[in-house]
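A.B. asks: Heads up: the sequence shown runs through residues 446 to 648, numbered per the working numbering.
Beta carbons are placed, not taken as given, at the ideal position from N, Cα and C, and that holds for glycine.
Sharing a structure here in structure tokens format.
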Amino acid sequence: MNDPKTILEPIAGYVFDLVAKLRNRQFVPHSLTKLHNLKTCRDMTGATTAVEIGSYKGVTTKRLSYLFEKVVSVEIDEALYRQAARRCAARKNVELLLGDGSKLLPEIATRVDRALIFLDGHFSGGETGQGDEPEPVLKELDLIAPFISNFVAIVVDDFRLFGVEPGWPRKSEVIQKLETLLPETQWRLSVLNDQFLVVRKLG
Numbered sequence: 446m447n448d449p450k451t452i453l454e455p456i457a458g459y460v461f462d463l464v465a466k467l468r469n470r471q472f473v474p475h476s477l478t479k480l481h482n483l484k485t486c487r488d489m490t491g492a493t494t495a496v497e498i499g500s501y502k503g504v505t506t507k508r509l510s511y512l513f514e515k516v517v518s519v520e521i522d523e524a525l526y527r528q529a530a531r532r533c534a535a536r537k538n539v540e541l542l543l544g545d546g547s548k549l550l551p552e553i554a555t556r557v558d559r560a561l562i563f564l565d566g567h568f569s570g571g572e573t574g575q576g577d578e579p580e581p582v583l584k585e586l587d588l589i590a591p592f593i594s595n596f597v598a599i600v601v602d603d604f605r606l607f608g609v610e611p612g613w614p615r616k617s618e619v620i621q622k623l624e625t626l627l628p629e630t631q632w633r634l635s636v637l638n639d640q641f642l643v644v645r646k647l648g
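Below is the structure:
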């Protein structure tokens with residue numbers, strides 16, 4: 446998520462989103478609106494760990510550290526990783542890893558429990574990092590599938606860009622992959638505020 450210039454900037458964006466919703470206007474959600482999705486998934490599932498693929502400058506990483514007992518975040522670009530590390534230096538429950546999320550995911554997945562995974566590790570232009578694929582979500586979902594019992598929620602960011610940006614899979618491909626990997630009887634899939642939300646059903 447973007448690096449806010451002032452403390453008030455994300456709050457103003459959140460208020461803008463609320464007003465747009467009330468007026469039934471289309472809008473691209475700001476960072477705090479998307480963070481609210483993650484908090485809602487945590488509350489619905491009891492997730493205690495957040496795994497973030499794509500730290501960027503650590504803005505969301507730091508925010509997640511106030512919502513979860515443990516945060517594991519991966520950034521592929523070294524310069525961005527260093528910025529994220531500086532931002533999160535005081536947050537002792539944050540583990541930042543430098544590398545390609547697609548390669549580190551299997552190891553991370555083996556050592557987490559009751560985890561929410563936030564897949565935001567795609568190339569978005571500008572100074573964002575990029576691995577072998579512009580948007581590796583299909584590969585990432587395959588990688589966590591053998592360890593799915595360790596996860597209670599999956600959130601995929603930037604729903605609006607799937608099937609639009611070069612090299613990104615279509616929205617239908619992501620949905621089909623999720624439906625193939627996750628039994629409908631155990632998981633609930635929805636789209637809200639520009640994100641795929643997949644939560645494990647309780648009970």
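1. Using 8 Å as the cut-off, can you tell me whether the region 540–558 makes contact with the region 519–532, which would need three or more C-beta pairs spanning the two stretches below that distance?
2. Thinking C-alpha only, which one of Ile562, Arg559, Lys507 and Leu564 is nearest Arg536?
3. Quick check on this structure: which residue in Glu552, Tyr526, Leu637 and Pro614 has the alpha carbon closest to the alpha carbon of Val600?
4. Do you know whose CA, among Glu618, Asp639, Gln640 and Val644, lies nearest Thr630's CA?
5. Can you name the start and end residues of the alpha helix (DSSP H) that Thr506 belongs to?
6. If the criterion is Cβ atoms closer than 8 Å, does the pair Phe563 and Glu610 meet it?
7. Taking Pro551 as the reference, which of Arg559, Leu626, Pro591 and Val539 has the closest Cα?
8. Please confirm whether Leu549 and Val519 have their CB atoms less than 8 Å apart.
9. Within the same chain, show all residues whose beta-carbon is closer than 8 Å to that of Ser653, passing over the 5 residues directly before and after it, in chain order.
10. The beta strand (DSSP E) spanning Asp602 covers which residue range?
11. So, for Gln640: in the same chain, excluding its five sequence neighbours on each side, which residues have a beta-carbon less than 7 Å away from its beta-carbon?
C.D. replies: The structure says:
1. yes
2. Within the sequence shown, numbered from 1, the residue matching residue 536 stands at position 91. Closest by alpha carbon: Lys507.
3. Residue 600 sits at position 155 when you count from the first residue of the sequence shown. That would be Leu637, whose Cα lies nearest to the Cα of Val600.
4. For this step, residue 630 is matched to residue 185 along the sequence shown. Comparing Cα positions, the closest option is Val644.
5. One-based indexing of the sequence shown puts residue 506 at position 61. Element bounds for Thr506: Val504 to Ser510.
6. On the sequence shown, residue 563 is found 118 positions in, with the first residue counted as 1. On the sequence shown, residue 610 is found 165 positions in, with the first residue counted as 1. No. Outside cutoff.
7. Sequence index remark: in the sequence shown, residue 551 carries index 106 (1-based). Residue Pro591 is the option with its Cα nearest to Pro551.
8. Position 104 of the sequence shown, counted from the start, is the residue given in the question as residue 549. Position 74 of the sequence shown, counted from the start, is the residue given in the question as residue 519. Yes; because the gap between Cβ atoms is below 8 Å, this pair is in contact.
9. Nothing in the structure corresponds to residue 653, since the chain is present only between 446 and 648.
10. As a working note, residue 602 is residue 157 in the sequence shown. Element bounds for Asp602: Phe596 to Asp602.
11. What you label residue 640 is simply residue 195 of the sequence shown in a count that begins at 1. Cβ within range, chain order: Lys479, Asn482, Val600, Val601, Asp602 and Phe604.
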